[in-house]
Every structure is written in C-alpha cells, then in structure tokens.
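Novice: Just dropping this structure here.
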Amino acid sequence: MSLPLFPLNTVLFPGCILDLQIFEARYLDMISRCMKQGGGFGVVCILDGEEVGIAPAGYALVGCEARITDFKQQDNGLLGIRVQGGRRFHVLRTEVQRDQLTVAEVEWLEDEPEQPLQDEDADLVALLKALAEHPMVEALNMGTEATGQQSLANQLAYLLPFAEVDKIDLLQLDDPQQRLDAIQALLDELQGELFA
Numbered sequence: 244m245s246l247p248l249f250p251l252n253t254v255l256f257p258g259c260i261l262d263l264q265i266f267e268a269r270y271l272d273m274i275s276r277c278m279k280q281g282g283g284f285g286v287v288c289i290l291d292g293e294e295v296g297i298a299p300a301g302y303a304l305v306g307c308e309a310r311i312t313d314f315k316q317q318d319n320g321l322l323g324i325r326v327q328g329g330r331r332f333h334v335l336r337t338e339v340q341r342d343q344l345t346v347a348e349v350e351w352l353e354d355e356p357e358q359p360l361q362d363e364d365a366d367l368v369a370l371l372k373a374l375a376e377h378p379m380v381e382a383l384n385m386g387t388e389a390t391g392q393q394s395l396a397n398q399l400a401y402l403l404p405f406a407e408v409d410k411i412d413l414l415q416l417d418d419p420q421q422r423l424d425a426i427q428a429l430l431d432e433l434q435g436e437l438f439a
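Residue numbering for the sequence shown follows this note's numbering, starting at 244 and increasing by one per position.
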C-alpha cells in the first residue's frame with residue numbers, strides 16, 4: 244500500500260486528534276489529493292532533520308495513518324486541518340519525489356482486539372480523566388473516555404510528556420496490556436526523577 248508521509252516532531256496514536264497548519268506546497272497538494280480521494284496520509288516521527296524544507300533524513304519506521312476530519316482557513320492565511328489517528332503501519336521502503344514529498348510503501352500493523360478495562364487500570368483511567376481537564380487537551384475535543392485498554396493506552400501514550408523515542412516504542416507494541424505496563428513503567432521513571 245502506497246502512503247504519502249508527513250514527518251513531524253510528534254507521534255500520533257490511533258483514535259487521537261492532531262491539529263496541523265499546512266503551508267508548504269508539497270503538503271497542500273498532498274492534503275488536496277487526500278481530500279479528493281477520501282484517503283489519509285502517514286504521520287511518522289522525525290529522528291534526524293527538520294519538519295520544514297527538504298525531506299528529513301531520518302524518521303521512525305512505524306507510524307500512524309492520519310485521516311482528515313476538519314479543515315479551515317486560519318486567520319494567518321494558512322490552512323488548518325484536524326486529523327484523527329487511524330491504523331498503525333510499518334514503512335517498508337520510501338521514495339522522495341521531486342517536490343520533496345516522501346511516499347512510502349507500508350504494511351498495516353494488526354491491532355489486538357479491544358480488551359475491557361481491568362480493576363488495576365483504575366489509576367491510569369483517573370490519570371486520563373485528570374489530563375482531559377487540561378485546556379490544551381480539552382481543545383483537542385478528543386473525548387477522553389477510554390472504551391477499553393487499547394483506547395486508554397493510545398490516549399495516555401499520546402498525551403503524556405514522554406520522550407518521542409519512548410512514544411515510538413509504545414506505538415510499536417501490539418498488545419494493549421504491554422503498552423499499559425510500559426506506560427506505567429515510564430510514569431514510575433518520571434516520578435522517580437521528580438522526587439530524586
């Protein structure tokens with residue numbers, strides 16, 4: 244499957260919302276094509292290079308499909324779009340086009356079926372509810388009700404201030420229980436640093 248890539252300094256997770264301002268010609272063209280064809284594009288996290296200008300040299304080989312849910316002309320004249328994370332994918336190979344748009348051949352990663360929340364998830368559910376009250380999170384209008392372990396893991400991995408490399412590792416995990424355990428371990432590490 245061929246998918247245009249939008250390398251960013253962020254990691255998108257399935258079901259999560261991301262607001263973007265589009266101003267480079269290659270991405271305006273890509274967005275226009277996606278909207279005409281009803282398709283999405285791939286968000287991958289930049290590891291080496293910049294968001295603007297020539298295509299970045301290094302980015303994560305696991306990413307998340309972005310589907311456009313809304314768009315509007317911003318006051319500054321730029322195109323603002325809101326996307327929702329779709330399926331996860333693995334990049335098999337890429338080609339940088341003349342306009343510096345990177346197009347990838349990807350394979351979709353299978354998600355484990357949604358599992359019901361367990362009693363031991365209560366602290367993480369409470370954390371998600373607390374995060375939902377933050378004005379920046381509220382503005383995303385993501386609806387921070389976790390419907391199960393997968394949605395809880397995705398939302399926490401997306402919203403918590405973990406390092407991008409840790410978020411990439413979380414995105415690669417197929418099993419929601421493993422992802423929740425890894426999130427808990429990262430939280431314990433953060434807490435340890437705070438009280439060290």
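Glycine included, every Cβ here is placed at the ideal spot set by N, Cα and C.
Cα-Cα, which of LEU255, ALA428 and ALA309 is closest to CYS277?
Specialist: Ranking the options by Cα distance to CYS277, first place goes to ALA309.
Novice: So, with DSSP's three-state summary, where would you put ASP412?
Specialist: Helix.
Novice: Mind checking whether VAL349 and LEU246 have CB atoms under 8 Å apart?
Specialist: The answer is yes: Cβ separation under 8 Å.
Novice: Could you pull out every residue in the same chain whose Cβ sits closer than 8 Å to the Cβ of PRO283, ignoring the five residues on either side in sequence?
Specialist: It should be pointed out that residue 283 corresponds to Gly in this sequence rather than to Pro. Cβ neighbours of GLY283 beyond the five flanking positions: LEU246, CYS277, GLU308, ALA309, ARG310, ILE311, VAL326 and GLY329.
Novice: Give the secondary structure of GLU327 by DSSP, where H, G and I count as helix, E and B as strand, and everything else as coil.
Specialist: What sits at residue 327 in the sequence shown is Gln, not Glu. In the structure shown, GLN327 sits in a strand (DSSP, three-state: E or B).
Novice: Which residues share a DSSP beta bridge with GLU348?
Specialist: The partner list for GLU348 (beta bridge, DSSP) reads SER245 and ARG336.
Novice: Go to VAL287, then tell me how far its alpha helix (DSSP H) extends in each direction, as first and last residue.
Specialist: Looking at the DSSP string, VAL287 is not in any alpha helix (DSSP H); the run it does join, the beta strand (DSSP E), is 284–291.
Novice: Provide the residue span of the beta strand (DSSP E) that contains VAL305, from first to last.
Specialist: Residues 305–316.
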